[in-house]
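Structure record follows, encoded as structure tokens.
In our numbering, the protein residues as written are 42 to 240.
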């Protein structure tokens, strides 16, 4: 935890004085909102999307899941070290998330439960559907030599990549793509519907 706080900012300032036969960790995190493009405090929430917004993700997906499967398979781990490292040491997109807020993104979340599950959560939170272009999903290139056609399953359902899923109007997305060096993939669009689903 200290290593993560050193890298991303933060301090451990206290703890519960209790004992237990099993180890458990309880976290309470406080912070403050960044300033958005209008100068007011701003942050991303799951329920701030609008019909017509583009659905976007940061970075490649599926690496952590591929690393976990490599570990659980019990097979030779040679050539799979990068994926295993992605599973044990995911990089949270703290700075990128802050930059997205500053550029006007209001709706977003991290991808912790897998892209499909997290898309469903976002759709439910906004009473929309999300139409996805499967060819636009950024599959981690490290998966392909090992998992071949199964790589897309890791990208869609694996989870624990901790990349960002966000929505924004096309004009904001274009601005982000001009100003942000990180990989940003437009994977779909939000549609109005009485059902909340991912298509």
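All C-beta atoms in this analysis are idealised placements derived from N, C-alpha and C, irrespective of residue type, glycine included. Remember, it's a predicted structure, so these values are computed and weren't measured experimentally.
Residue 115 and residue 89 have their C-alpha atoms some 43 Å from each other. Beta-bridge partners assigned by DSSP to residue 107: none are found. If the five residues before and after residue 155 are omitted, its C-beta is found closer than 6 Å to the C-beta atoms of 198, 199, 200, all from its own chain and listed in chain order. Per DSSP, residue 225 lies in no alpha helix (DSSP H); the unbroken beta strand (DSSP E) holding it starts and ends at 225-233. For residue 45, the enclosing alpha helix (DSSP H) begins and ends at 43-49.
In the DSSP assignment, residue 172 falls within the unbroken beta strand (DSSP E) covering 169-173.
A distance of 8 Å or more separates the beta carbons of residue 231 and residue 151. The beta carbon of residue 185 lies closer than 8 Å to those of 192 in the same chain, with the five residues before and after it left out. Here the stretch 98-109 makes contact with the stretch 117-126; the two share three or more CB pairs at distances below 8 Å.
In the structure shown, residue 61 falls within a coil segment according to DSSP collapsed to helix, strand and coil. Looking at the DSSP output, residue 205 shares a beta bridge with 151. For residue 138, the uninterrupted alpha helix (DSSP H) segment begins and ends at 135-143.
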